[in-house]
Amino acid sequence: MLLDGAHTIESHFALVNYQMKQIRTALAMASLLKRTLVMPPLWCRLDRMWFGHPGVMEGTMTRQPFLCPMDHVFEVHVMLKDLPEEEFGPRIDFREYTFLENPSLPKQVKESFLEVRLCNEHSTRCSTANGSNKHRALLLPRNSTEQMLLDVFSSYKNIKIIHFSSMVDAFRGFADAAVETQFRNRVKRYTGIWCCVEFREIGHIYYDMYWDDKPGWKPHPPQNREEDHPPWA
């Protein structure tokens with residue numbers, strides 16, 4: 154997905170949406186387990202500017218794809234806001250991915266580490282029991298329920314860093330519909346815009362945290378001023 158095909162608006166959004174869906178799952182699990190999420194590096198195919206452009210600034214040597222700043226996709230100031238908990242659920246703390254590379258990070262934090270790998274829930278080898286060996290990765294069934302996650306990770310409360318190899322289908326979702334609604338209300342406000350399509354009066358395209366809930370979703374700019382609002386508004 155990083156290197157397949159031409160660098161177009163469609164391939165850029167396909168790449169970002171794939172990452173966004175995993176980040177959405179990671180945010181949910183961080184909220185459930187009351188942990189701070191270290192955001193992963195973000196890959197983009199197209200740059201973000203404040204005017205129409207062909208994908209990268211003309212005349213520059215920008216290599217595509219590239220690691221893009223978090224605020225190219227996410228509204229970081231919204232993620233930092235103290236939103237009312239009764240409507241948006243609990244705050245979800247986060248750090249940028251460079252946090253773990255910071256030389257001032259204490260050694261005891263870096264060394265308090267658990268690797269988690271997802272496995273097929275129907276496989277006989279897919280058992281969390283192997284996590285008792287600190288030198289082996291913990292195998293976690295895909296599509297784990299809320300209670301499964303709480304039970305498994307209650308044994309690792311003293312571990313500072315839990316690293317997941319993937320977030321694809323890691324979590325089935327919140328058991329309580331009200332909690333799920335609060336979480337959705339919160340995170341759907343976390344995404345921003347990509348800017349901008351050339352030669353258009355309205356050239357920006359809104360990222361949508363729940364793009365996969367909308368069959369046939371396509372990355373198109375608003376057709377008129379009435380359509381020019383975030384997908385949650």
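The working numbering applies: residue 154 is where the sequence shown begins, and numbers increase by one.
For glycine and all other residues, C-beta sits at the position ideal for the given N, C-alpha and C.
Contact check between the stretch 342 to 349 and the stretch 225 to 243: three or more CB pairs, one atom from each, fall below 8 Å, which counts as touching. For residue 340, the uninterrupted alpha helix (DSSP H) segment begins and ends at 330 to 340.
Residue 331 sits exposed, since fewer than 16 C-beta atoms from the chains shown fall within 10 Å of its C-beta. In the structure shown, residue 316 falls within a strand segment according to DSSP collapsed to helix, strand and coil. The beta-carbon distance between residue 205 and residue 350, rounded to whole angstroms, is 6 Å. This is short enough to meet the 8 Å contact definition. Going by DSSP, residue 188 is part of no beta strand (DSSP E) at all; its letter is neither H nor E.
In the DSSP assignment, no residue is bridged to residue 278. In the structure shown, residue 292 falls within a strand segment according to DSSP collapsed to helix, strand and coil. In the same chain as residue 215, and ignoring 5 residues on each side of it, the C-beta atoms closer than 7 Å to its own belong to 200, 209, in chain order.
Between residue 271 and residue 312, the gap from beta carbon to beta carbon reaches 8 Å or more. Spatial neighbours of residue 340 in its own chain (CB-CB distance under 7 Å, excluding positions within 5 residues in sequence) are listed in chain order as 177, 180, 362.
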